[in-house]
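**Q** The following block contains the structure, expressed as structure tokens.
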């Protein structure tokens, strides 16, 4: 075997081995190309990224491959595109983001001239989107907590006036209704504040039935205008458990919200 060919094969094997080392962390596939940019060899990870079985890649030029990989690879291989320049692409479906890098291998007389690295960035992009969404939710939670404090302060004044009115007119039913409703709103605001305030776990006896009732009350405004019925079938048996009340409350609220989101038109959520 000519030394040049032997050296080229060794370089190609080394390049593919390097790509195999990257595959677990980077979802990376690799192609070995000749001087004319035809595919000499492909790593197993490259085939699903390119949309063709591995045995159909050998000898092909990357340009006619299915989109988005084909047009993207053709653009990367066009001179004077500098080596190592990443080219992103996007398409609908499981593979949404693909990055391509071109590395020069060997000399002009060697068969293996290029290593093309294909990296699936779909998961990374999805995680970035999730992080941005969590940031927005954190901002909304902070704003809701601040608004809840303001509402709570206003309720103090309303409740005070209602108490004064009842002292002067003990039979004033309207004032009694106002006091009752302000007390109810105050409880809801307290629940919102407790729900939005992170804290260390504190284990203590928790009455599950009472906790579920509070969660159902908190969820009631969320169901306004929707044909969703809440049914509570809580038993009378002892329901004390040892746990963190705030975290249990958050878990129940999340379950109820998930159930609401799963109902597209009308339905019933039963808690028992």
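Residue numbers (this note's numbering): 9 to 280. Where a beta carbon is used, it is the ideal one built from N, C-alpha and C, also for glycine. A quick note: this is a predicted structure, and the numbers were derived from the prediction, not measured.
Sort 201, 71, 255 and 126 by Cα distance to residue 51 and report the nearest one.
**A** Here residue 51 refers to the residue found at position 43 when the chain shown is read from its first residue. Nearest of 201, 71, 255 and 126 to residue 51, Cα basis: 126.
**Q** Could you tell me the distance, in whole angstroms, from the CA atom of residue 242 to the CA atom of residue 191?
**A** Start at 1 with the first residue of the chain shown, and residue 242 comes out as number 234. Start at 1 with the first residue of the chain shown, and residue 191 comes out as number 183. Residue 242 and residue 191: Cα-Cα distance of roughly 25 angstroms.
**Q** Between 251, 238, 36 and 67, which has its C-alpha nearest residue 119's C-alpha?
**A** Numbered from 1 along the chain shown, position 111 holds the residue referred to as residue 119. Closest by alpha carbon: 67.
**Q** State the DSSP-derived secondary structure class of residue 276, mapped to helix, strand or coil.
**A** The residue labelled residue 276 in the question sits at position 268 within the chain shown. Residue 276: strand per DSSP, three-state reduction.
**Q** Measuring alpha carbon to alpha carbon, tell me which of 164, 122, 196 and 77 ends up nearest residue 105.
**A** Position 97 of the chain shown, counting from 1, holds the residue named residue 105. For the residues 164, 122, 196 and 77, the minimum Cα distance to residue 105 belongs to 77.
**Q** Give me, in chain order, the residues of the same chain whose beta-carbon lies closer than 7 angstroms to that of residue 247; leave out the 5 immediate sequence neighbours on both sides.
**A** Indexing the chain shown from 1 puts residue 247 at position 239. Within the same chain, residue 247 has close Cβ partners 215, 216 and 217.
**Q** Starting from the C-beta of residue 213, find all residues in its chain whose C-beta is less than 8 angstroms away, skip the five residues before and the five after it, and write them out in chain order.
**A** Mapped onto the chain shown, residue 213 falls at position 205. The residues are 248, 249 and 250.
**Q** Which value, in whole angstroms, describes the spacing of the CA atoms of residue 113 and residue 138?
**A** Locating residue 113 in the chain shown gives position 105, where the first residue counts as 1. Locating residue 138 in the chain shown gives position 130, where the first residue counts as 1. Rounded to the nearest angstrom, the two C-alpha atoms are 38 angstroms apart.
**Q** Taking DSSP's pairing of strands, which residues face residue 237 in a bridge?
**A** On the chain shown, position 229 is the one that residue 237 refers to. Note: residue 237 sits in a beta bridge opposite 276.
**Q** Quick check on residue 122: buried or exposed, where buried means 16 or more other Cβ atoms within 10 Å of its Cβ?
**A** Taking the first residue of the chain shown as position 1, residue 122 is located at position 114. The residue is buried, with at least 16 neighbouring Cβ atoms inside 10 Å.
**Q** Going by beta-carbon coordinates alone, are residue 201 and residue 165 separated by less than 8 angstroms?
**A** Residue mapping note: residue 201 aligns to position 193 of the chain shown, counting from 1. Residue mapping note: residue 165 aligns to position 157 of the chain shown, counting from 1. Not closer than 8 angstroms, so no.
**Q** What does the alpha-carbon distance come out to for the pair residue 55 and residue 40?
**A** As a working note, residue 55 is residue 47 in the chain shown. As a working note, residue 40 is residue 32 in the chain shown. In a straight line, the C-alpha of residue 55 is about 13 angstroms away from that of residue 40.
**Q** Work out the CA separation of residue 174 and residue 229 for me, nearest whole Å.
**A** Locating residue 229 in the chain shown gives position 221, counting from the first residue. Locating residue 174 in the chain shown gives position 166, counting from the first residue. Approximately 29 angstroms, taken between the alpha carbons.
**Q** Where in the segment 182–230 do unbroken runs of the alpha helix (DSSP H), each at least 4 residues long, occur, reported from the N-terminal end onward?
**A** DSSP runs (the alpha helix (DSSP H)) wholly in the segment 182–230: 216–227.
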